[in-house]
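Structure, as structure tokens:
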Amino acid sequence: MKINKVWKSTLAMGFALTLSGAAFAEGTFRYATVGEPPSLDQHVITSDLATTIAHHMFEGLYTFNASNAPVPLLAAGDSLEDGGKTIKIDLRKDVKFHNGQAMTSADVVASLNRWGEFGSRGGLLFSNVESLTASGDHQITIKLKAPFGPWKNLMAFINGGPAIYPASVMNGATKEPLDPKEYIGTGPYQFGEWLPNRHVELVRNDAYTSAAGAADGYGGERKAEFDALRFIPVSDVGTRVSGIRAGDYDYAESIPGDLFADLDGDANVTTILNGGPIFGLAFMNSKHGPLKENFKLRRAIQTAINKTPALQVAIGPEKLWAANGSFLPKGNVWHTEAGTANFSKGDAEAAKALAKEAGYAGDPIKVMVSTNYPFHYDTAIVYTKQLAQAGFNIDLQVYDWATLIKKRAQPDQWDIFFTHHGFVPDPILISVMNDNYPGWWATPEKAALKAKFTASADPEERKKIWSDIQALIYEQVPTMKTGDVYTYNIASPKVKGLGSSTLIWPAFWNVSK
Amino acid sequence: MLAYTLRRLIAFVPTLLAASALVFLFIHLIPGDPASILLGDTATPEEIAALNQQLGFNEPIYVQYFLWLGNVLQGDFGTSVFFRQPVLSVIADGAETSIWLATMTMCWIVVIGIPIGILSATRQGTWIDQVTSGFAMLFASIPTFWLGLYLILIFAVGLGWFPTSGFPSLSDDGGLWNLRYLLLPSLTLAAPNAALIVRLVRASMLDVQREDHVRTARAKGLSPSRVAIRHVFRNALIAVAAAFGFTFAALVSEAVVTETVFSLPGIGRLVVQSILRRDYPVIQGVILIIVVLYMVINLLVDLSYARLDPRVSLK
Amino acid sequence: MNIAQQIYRIFAGRILASIGFAVLIIVVLAAVFAPLLAPFDPLDIDPISRLQEPSLEHLFGTDQFGRDTYSRAIYGARMAVIIGAGSVAFALLTGGLIGMLSAYFSRLGSFLMRGVDVMMAFPALLLALVLMTLLERSVVNTIIVIGIVYAATTARILFGMTLKLKGGVFIDAAICSGAGHASILFRHILPNLLSPLLVQATFIFAFAQLQAAALDFLGLGLPPEVPSWGNMLAESRIYITRASWLLIFPGMLIIFSVFSMNLVGDALRDTMDPRFKDDIAGV
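Protein chains in written order, with the numbering used here: chain H, 3 to 515; chain G, 521 to 835; chain D, 394 to 676.
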């Protein structure tokens with residue numbers, strides 16, 4: 003029991019023998035996080051922090067290699083039949099759960115079913131699934147209603163994705179996140195303990211069997227070098243930086259851009275860029291208020307804003323941001339310039355004229371932003387200023403994040419709100435594509451393009467349709483992209499094997515110190 | 521005395537009920553709910569409503585309150601929504617840090633505050649008195665987080681003498697040595713409070729000095745230092761004991777800012793985080809316990825007043 | 394005796410307190426004449442000139458938005474005075490009234506003071522946290538939240554002092570001469586309490602600054618765009634090594650103004666009616 007701790011520590015005082023003991027074994031990796039994740043259950047939780055921790059212990063059938071292409075992880079291989087409507091996936095036979103049981107198709111079917119019904123992103127795939135069956139001890143068969151292009155990307159994306167749990171854990175599981183007692187996965191690390199406010203600790207899984215092949219992105223060999231990974235909440239960013247400088251932590255996440263030059267030049271610190279950029283989004287209300295269906299007014303707002311100064315203020319060094327209008331970054335297969343001519347005009351006069359045409363008469367526009375994310379707030383401050391210069395009457399409302407989430411679900415409470423989006427491997431996963439996401443963009447034009455987009459399995463055709471969707475986003479402005487932000491983390495130079503950037507979330511298999 | 525204690529304990533009940541109902545009402549009025557925090561950005565309103573239903577947060581607020589109250593009376597503080605652990609064990613975890621932090625802070629206050637207070641009082645009006653009183657007041661004027669940030673910068677990052685942040689449990693590797701993690705935080709927290717004690721010791725010693733029995737002792741020809749220690753200080757202790765009680769109670773809860781700066785896993789930060797996460801059962805539990813603690817210390821202070829000072833009668 | 398003479402009586406021979414008084418006058422003047430004194434608009438964003446070191450153009454440097462820290466500091470003085478005066482007014486009006494009425498009408502008192510007990514039982518900062526999350530971040534709400542905490546203390550203090558006065562001979566005399574309750578309370582009792590109230594006010598003013606800064610630091614105080622010293626510190630704390638001027642100037646301003654207020658309060662207390670000296674602990 004935890005209550006004993008207090009007494010134990012009192013006892014420790016009696017045995018004042020350990021005064022010289024080192025605080026941590028060398029085999030413990032100490033990661034300073036921004037906070038604590040809501041839960042580590044990957045099916046229902048989409049927090050990036052949760053995945054950073056959890057993808058060391060939960061694995062899916064597929065994962066991404068270094069070029070963001072899906073590769074098998076717990077799967078051994080797959081074949082498409084029936085013109086892409088039937089998917090047969092073979093499972094690896096050497097996989098054991100942390101509780102010692104071998105993984106079979108029953109576990110996979112149970113996990114996929116729960117994900118499909120309750121998982122955050124499961125509905126995207128499962129709304130198109132006719133049946134899911136175990137077609138052998140180590141084979142499953144998925145029958146689709148129609149060919150579905152992004153299936154493998156969805157399976158490989160572990161955040162809010164199909165982690166494989168034992169069937170016994172899935173029994174009766176619902177939308178409610180799993181209890182830590184049920185954190186049983188297949189990964190190189192397994193759940194150790196979660197002390198509220200103190201840390202989440204994972205310990206090495208000695209019985210781990212890795213996927214075949216050399217390490218490539220998240221694919222290939224995974225080797226746990228540490229005895230334990232300890233994720234310690236250090237909410238104050240200054241304290242995280244100090245902690246790395248002083249050697250109290252090995253790794254710290256989410257460091258402000260303005261400190262980049264200093265830290266990059268500091269011999270006691272290594273900087274690690276995050277590969278996939280995150281991007282800020284300012285959603286507009288399609289259901290209620292002055293912006294509803296008034297696309298011209300929305301374009302006026304879009305025209306008024308020059309995104310670059312906001313990025314300069316919010317992020318800092320030019321290496322860490324890109325005023326890029328394409329929803330996916332340069333170099334990515336989904337990159338397209340469609341519509342981006344309107345990304346960052348910053349033309350107050352043109353905006354005024356457009357707003358006048360749109361019938362805008364100076365009604366207040368309610369903008370919600372949270373200070374929990376400083377870069378949202380900094381961006382909002384700069385935009386508010388620019389919009390005011392273009393004659394808009396902006397009512398900036400600042401809330402804590404939980405309040406903002408609550409308010410944005412109520413259409414009459416806001417006109418624009420700020421959020422951000424993590425890097426995703428398939429545009430279908432971008433929140434604005436979801437008709438139910440606050441903002442509620444669901445015009446007939448969008449519906450038509452979206453239907454075409456998911457039905458196609460041809461990569462070239464899908465790219466073409468995506469560029470049409472992006473152009474539509476710049477025309478109807480359900481949301482404004484604020485630009486790409488390359489976040490970075492810092493580490494102690496003693497840590498080996500990190501590479502100069504992460505793929506999506508930092509991973510600590512094949513890493514040592 | 522026993523009857524008095526009993527009466528006071530009974531009087532706790534309405535205060536506690538009012539306080540807990542007030543907290544309950546306040547935190548449920550805050551917009552936002554646990555389910556939307558748990559499920560994050562992609563959850564639909566239907567999913568959030570369903571999970572809140574499952575967790576029991578859709579009941580009318582008075583129903584929730586009486587359910588909670590009933591359970592608390594049976595010793596069940598409920599389960600943390602966020603940690604999926606019993607509230608009491610979450611609180612116990614934070615209590616270790618808070619209690620050690622408060623204890624170390626009290627040590628600093630005693631070691632620094634009382635001697636300086638005596639010095640200041642026995643040299644009343646001299647430059648020593650002026651300087652010490654001035655410094656005490658200066659320290660009471662520094663925002664704690666500002667002091668903490670600079671202590672980290674100088675002593676942890678610059679000189680590397682102490683860890684920057686965190687506090688591993690004493691039952692963890694390192695044992696008692698882990699208390700070094702609390703050195704800078706306790707100094708940060710002690711600064712304004714030590715100043716308070718310095719002034720209190722000084723003031724109460726000066727008051728007592730004017731009283732008859734001290735004058736008599738002086739007249740008897742006792743040396744000034746003996747008078748200072750035997751008579752004046754002993755009596756001044758009464759006032760100081762009271763201040764200690766309150767300061768300790770305040771330390772456990774008011775350490776929020778210090779705990780945030782140093783990333784300590786204490787009760788204060790638990791409350792702040794729980795408010796941000798809308799983890800209702802934890803907020804209610806912590807505040808209830810702190811209020812009880814405060815009232816008990818209040819009572820103990822009054823009782824010790826009566827013990828130390830026969831002029832005080834308990835009515 | 395006129396005001397100047399009173400001030401002379403209080404501060405003569407007290408060098409530190411006199412300096413403190415002078416500092417406070419400067420802060421108040423800065424607050425009143427902020428628009429004239431500030432060389433720049435405190436809200437004006439200029440991404441090109443962000444994080445500049447102190448120079449002749451920007452005396453205190455610029456912050457991460459490129460705003461002039463000196464101008465923000467001057468407007469910060471205005472916020473400090475508003476928050477301080479507001480909290481004092483709230484605490485003294487509500488707390489003072491509750492305390493006096495409770496002591497004077499004992500039946501009402503047993504009820505009201507129980508309420509004060511409930512408020513006192515909440516740890517001050519935790520109460521402020523819960524309330525600030527519930528209310529929106531604004532100047533008025535910050536004042537109320539800080540004021541509530543000190544209203545309870547003030548009620549306790551005035552309760553005690555009014556009780557002492559109530560038994561006094563001059564009150565009996567007033568009652569005999571047929572004075573009404575209101576007249577006794579406000580014409581006979583209140584004037585005797587003015588000087589202790591003034592001392593209490595200075596301490597509340599000083600504490601309110603620290604409390605507001607702590608709330609700003611936790612992200613639950615004034616709206617973040619308001620230029621206050623606490624917000625300046627809270628927003629810039631990550632720049633402690635990168636742009637140290639952003640923490641040093643506002644920090645020093647808070648320390649000096651709170652210190653000055655405490656010095657003045659201390660001097661006032663020394664010259665106050667000895668009957669009430671024990672009632673106000675101050676720092």
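Positions of the beta carbon are idealized from the N, C-alpha and C atoms, including for glycine.
Since the structure is predicted, the reported quantities are computational estimates derived from the model, not experimental observations.
- The C-beta separation of residue 485 (chain H) from residue 282 (chain H) comes to about 7 Å, placing the pair in contact by the 8 Å criterion.
- Straight-line measurement puts the Cα of residue 523 (chain D) at about 12 Å from the Cα of residue 788 (chain G).
- Partner residues in a beta bridge of residue 127 (chain H), as assigned by DSSP, do not exist.
- Interface criterion met: the Cβ of residue 37 (chain H) is under 9 Å from a Cβ in chain G.
- Taking 9 Å as the cut-off, the beta carbon of residue 416 (chain D) is found closer than this to the beta carbon of residue 653 (chain D).
- For residue 595 (chain D), same chain residues with a beta-carbon under 7 Å away, outside a window of 5 residues either side, are 654, 657, 658 and 661 in chain order.
- A direct Cα-to-Cα measurement between residue 185 (chain H) and residue 111 (chain H) gives close to 18 Å.
- Here the C-alpha atom of residue 136 (chain H) lies approximately 22 Å from the C-alpha atom of residue 159 (chain H).
- Residues of the region 789 to 820 of chain G with a C-beta less than 7 Å from any C-beta of chain D: 791, 792, 795, 807, 810, 811, 814 and 815, listed in chain order.
- When secondary structure is reduced to three states using DSSP, residue 54 (chain H) falls in the helix class.
- With fewer than 16 neighbouring CB atoms inside 10 Å of its own CB, residue 104 (chain H) falls in the exposed class.
- Flagged as an interface residue toward chain H: residue 613 (chain D), by a C-beta distance shorter than 9 Å.
- Excluding five sequence positions before and after residue 406 (chain H), the CB atoms of its chain that fall closer than 6 Å to its own CB belong to 370 and 372, given in chain order.
- The way I'd put it, the region 288 to 304 of chain H does touch the region 415 to 432 of chain H; three or more beta-carbon pairs between them come closer than 8 Å.
- The region 626 to 672 of chain D contains, as complete alpha helix (DSSP H) runs of 4+ residues, the segments 638 to 663 (chain order).
- Against chain H, a Cβ distance below 7 Å from residue 720 (chain G) picks out nothing, because the smallest value is about 29 Å.
- In the three-state reduction of the DSSP assignment, residue 100 (chain H) falls in the coil class, being assigned neither a helical nor a strand state.
- Inclusion of residue 462 (chain D) and residue 638 (chain D) in the CB contact set at 9 Å is warranted, their separation being smaller than that value.
- For residue 248 (chain H), the chain G residues whose Cβ falls inside 8 Å of its Cβ are 676, 677, 680, 683 and 684, in order along the chain.
- Residue 549 (chain G) counts as exposed, since fewer than 16 other C-beta atoms from the protein chains shown sit within 10 angstroms of its C-beta.
- Residue environment for residue 364 (chain H): exposed (fewer than 16 other C-beta atoms within 10 angstroms of its C-beta).
- Within chain D, no C-beta atom comes less than 7 Å from the C-beta of residue 375 (chain H); the nearest is roughly 11 Å away.
- Here the alpha carbon of residue 449 (chain D) sits roughly 11 Å from the alpha carbon of residue 432 (chain D).
- With a beta-carbon spacing of about 5 Å, residue 605 (chain D) and residue 476 (chain D) fall inside the 8 Å limit used to define contacts.
- With contacts defined by Cβ atoms closer than 9 Å, residue 113 (chain H) and residue 55 (chain H) do not form a contacting pair.
- Close to residue 311 (chain H), with beta-carbon spacing below 7 Å, are these residues of chain D in chain order: 440.
- Across the region 571 to 583 of chain G, CB contacts with chain H closer than 9 Å involve 571, 574 and 575, in sequence order along the chain.
- The shortest CA-to-CA distance from residue 504 (chain D) to any of G:565, G:737 and G:534 is the one to G:534.
- Closest option to residue 492 (chain H), judged by alpha-carbon separation, among H:245, H:120 and H:444: H:245.
- Residues of the region 633 to 656 of chain D with a C-beta atom less than 9 Å from some C-beta of chain H are 633, 634, 635 and 636, listed in chain order.
- Taken atom to atom, the span from the alpha-carbon of residue 337 (chain H) to that of residue 695 (chain G) is near 54 Å.
- Residue 407 (chain H) belongs to the set of residues whose beta carbon lies under 9 Å from a beta carbon in chain G.
- The CB of residue 387 (chain H) comes closer than 9 Å to the CB of 436, 437 and 438 in chain D, given here in chain order.
- Proximity of residue 769 (chain G) to chain H, defined by a Cβ-Cβ separation below 9 Å, is not satisfied.
- Inter-residue distance for residue 480 (chain H) and residue 395 (chain H) is about 20 Å (C-alpha atoms, whole angstroms).
- A direct Cα-Cα distance of roughly 6 Å separates residue 698 (chain G) from residue 690 (chain G).
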